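Comments concern the structure below.
Numbering (the UniProt record's numbering), first residue to last: 1 to 561.
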């Protein structure tokens with residue numbers, strides 16, 4: 001099967017456009033000679049011709065095929081590349097379409113596999129109908145492959161059991177039957193009021209850093225805007241007061257701009273959001289300018305996260321996010337985090353979380369109360385550093401001589417409150433089937449990790465934690481966000497509790513894997529014959545925690561210093 005014919009001119013124009021911008025910048029240097037414009041025009045024409053020739057060759061050499069066990073892709077013009085992707089390893093099949101692609105009837109497909117946060121295969125571009133067909137066909141073959149694997153495992157265990165009993169049992173023929181498209185149940189569809197609320201309660205923290213980088217490199221252009229102290233003095237105003245007012249206005253403007261950008265981004269990203277479920281997976285659609293649709297298999301879900309901030313908590317709202325073994329859906333490339341539910345009432349979010357992965361409720365075990373003194377000390381040190389920098393600036397810079405450098409010291413009275421709330425919003429609990437943690441004040445995250453999804457259990461103790469006799473226990477999963485240090489973590493707990501928790505998580509992981517194996521095979525005598533309390537974890541059980549990729553189970557000897 002081939003790409004869409006329209007992908008040739010579309011991809012060619014994409015490449016030619018990027019090259020044309022470069023040529024325009026370079027050609028502008030030669031415009032004073034009199035022939036720069038002609039060179040630019042010739043260069044753009046040549047770039048378009050070369051891009052068309054290359055993309056046509058790429059189109060001719062690109063082919064994708066469905067086989068019995070793998071999805072095969074052959075591509076490359078100068079360097080040929082052949083890839084075979086087993087259906088059982090596919091985590092997510094995402095379809096994206098921007099405005100121009102929707103007008104042309106084109107779609108981009110990303111295939112994500114277990115064990116990585118990048119795209120395993122990107123198909124650029126096919127028709128909208130072909131994209132839906134590819135997504136549905138991979139889902140269907142994946143379900144059939146998983147059912148075949150489970151049936152084969154059950155048949156092998158039944159054969160072993162029947163040999164001991166002197167009998168035999170006929171194997172279910174479900175491994176070879178065709179799977180029809182399952183009925184889908186609508187779990188969530190964002191309403192206009194919820195979409196507006198998602199925008200109102202959003203804040204983009206990237207804006208301050210971006211503006212800082214821009215203005216840092218643009219000091220020669222920005223400095224003329226700042227009035228000179230001598231010029232201000234002629235107006236009868238206090239230069240220090242003018243500088244202070246400008247700083248306050250800049251800060252307020254920065255906050256407002258970050259809020260506006262966050263609101264626009266939220267509305268554009270979650271426009272028309274729908275979340276449905278079938279027997280085996282979740283399916284989502286979202287986006288205004290860039291339309292996304294994809295699947296989240298239940299068996300690949302590693303972590304379910306409920307997050308909120310002070311504004312959302314005050315209004316009674318929260319966000320629900322799902323992470324799989326391949327990646328957090330939408331995390332690849334530049335699309336940003338994919339929330340399973342961008343915003344809804346807290347009660348509704350918790351009901352949806354139960355629909356996705358049922359988890360019992362309970363009280364959290366908080367860090368020891370003395371740890372609040374540690375948080376207070378950290379805040380006071382930060383305030384002292386800021387105050388010292390402002391004081392040094394007021395001494396060195398004449399224009400800032402009268403600035404109220406002592407204003408940050410007001411935070412000394414707020415630091416104990418901040419330390420208390422940081423302690424209050426931290427904790428963990430061990431449920432029957434899940435390890436649950438909670439951390440954060442400004443962005444509070446409650447993470448649910450099934451025991452059978454744990455990969456490693458890490459006991460982490462920094463130099464300062466050892467001084468306070470506390471430790472952090474991290475439940476690492478196969479999700480890509482774990483690479484960023486965003487795992488479920490019981491932070492700043494007693495050292496003895498950390499050792500006990502690490503051992504308990506290891507034991508519950510083994511027991512959970514053994515229970516799931518017994519449920520799949522229906523053979524409850526496995527653990528008894530193996531002579532262990534939880535049974536011996538098989539390779540298939542260990543692989544299950546990543547959706548088919550072999551991984552290490554809980555490693556209580558691994559410690560992050």
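Ideal Cβ placement from N, Cα and C applies to all residues, glycine included.
Note that this is a predicted model, so its numbers are computed, not measured.
Could you tell me which uninterrupted beta strand (DSSP E) segments, each at least 3 residues in length, are contained entirely in the region 413–486, listed from first to last along the chain?
-> 427–430, 434–439, 444–450, 456–460, 470–476
Identify, in the order they occur along the chain, each residue of the same chain with its Cβ nearer than 6 Å to the Cβ of residue 201, setting aside the five sequence neighbours on each side.
-> 311, 312
Close beta carbons around residue 568, own chain, < 7 Å, minus the five adjacent residues each side | This structure cannot speak to residue 568, because the chain is shown only from 1 to 561.
Taking DSSP as the reference, what is the three-state secondary structure of residue 288?
-> In the structure shown, residue 288 adopts coil according to DSSP, grouped into three states.
Helix, strand or coil: which one does DSSP assign to residue 53?
-> Three-state result, residue 53: helix.
Through-space distance from residue 417 to residue 207, alpha-carbon basis | 28 Å
Secondary structure at residue 155, three-state DSSP: helix, strand or coil?
-> helix
Would you list the residues sitting across from residue 262 in a DSSP beta bridge?
-> Bridge partners of residue 262 according to DSSP: none are assigned.
Can you tell me which of the three DSSP states residue 67 falls into?
-> Under the three-state reduction of DSSP, residue 67 is assigned to coil, being neither helix nor strand.
So residue 194 is in the beta strand (DSSP E); what residue range does that whole segment cover?
-> Careful: residue 194 lies outside any beta strand (DSSP E), inside the alpha helix (DSSP H) at 192–200.
Is it true that the region 252–261 meets the region 55–64, where meeting means three or more beta-carbon pairs spaced less than 8 Å apart?
-> no
Confirm, please, whether the CB-CB distance from residue 381 to residue 197 is below 8 Å.
-> no
Cβ contact check for the region 451–469 and the region 505–514: 3 or more pairs under 8 Å | With the cut-off at 8 Å, the region 451–469 and the region 505–514 touch.
Counting along the chain, where does the beta strand (DSSP E) carrying residue 187 start and finish?
-> 185–189
Same chain only: Cβ atoms within 6 Å of residue 81, ignoring 5 sequence neighbours per side = 75
Every unbroken alpha helix (DSSP H) within the UniProt domain "YdbS-like PH" (59–138), with a cutoff of 4 residues, ordered by chain = 99–104
Let me know if residue 475 comes out buried or exposed under the rule of 16 or more other beta-carbons within 10 Å of its beta-carbon.
-> buried
Endpoints, alpha helix (DSSP H) assigned at residue 346 | 346–356
Does the Cβ-Cβ distance between residue 488 and residue 361 come in under 8 Å?
-> no
What's the C-alpha gap between residue 499 and residue 466?
-> 14 Å
In chain order, what residues of the same chain have a beta carbon less than 6 Å from the beta carbon of residue 472, not counting five sequence neighbours either side?
-> 460, 489, 491
Three-state secondary structure (DSSP) of residue 489 = strand
Within the same chain, show all residues whose beta-carbon is closer than 6 Å to that of residue 274, passing over the 5 residues directly before and after it, in chain order.
-> Within the same chain, residue 274 has close Cβ partners 189, 285.
Quick one: give me the first and last residue of the alpha helix (DSSP H) that residue 512 is part of.
-> 495–521
Which residues bound the alpha helix (DSSP H) around residue 387?
-> Membership of residue 387 in the alpha helix (DSSP H) is indicated by the continuous run 371–396.
Return helix, strand or coil for residue 6, following the three-state DSSP convention.
-> coil
Just confirm the distance between the C-beta atoms of residue 3 and residue 59, as a whole number of angstroms; I'd bet it's less than 8 Å.
-> 6 Å
From 308, 243, 43, 110, pick the residue whose C-alpha is nearest to that of residue 97; which is it?
-> 110
In three-state terms, what does DSSP make of residue 530?
-> With a pLDDT of 45 at residue 530, under the threshold of 50, the modelled position of this residue cannot be trusted; read the value that follows with caution. Note: residue 530 maps to helix in three-state DSSP.
Neighbour-count burial assignment, residue 163, 16 or more Cβ in a 10 Å radius = Caution applies to residue 163, whose pLDDT of 49 falls short of 50 and renders its modelled position unreliable; the value that the coordinates give is listed next. Residue 163 is exposed by the Cβ-count criterion.
Within the same chain, show all residues whose beta-carbon is closer than 6 Å to that of residue 184, passing over the 5 residues directly before and after it, in chain order.
-> Hits under 6 Å: 276, 278.
Minimum C-alpha distance to residue 414 - residue among 375, 400, 426 | 375
DSSP on residue 276, reduced to helix/strand/coil?
-> strand
Alpha carbon to alpha carbon, how far is residue 211 from residue 143?
-> 48 Å
Through-space distance from residue 104 to residue 10, alpha-carbon basis | Near 9 Å, if we compare the C-alpha coordinates of residue 104 and residue 10.
Can you tell me where the beta strand (DSSP E) with residue 315 in it begins and where it stops?
-> Looking at the DSSP string, residue 315 is not in any beta strand (DSSP E); the run it does join, the alpha helix (DSSP H), is 310–315.
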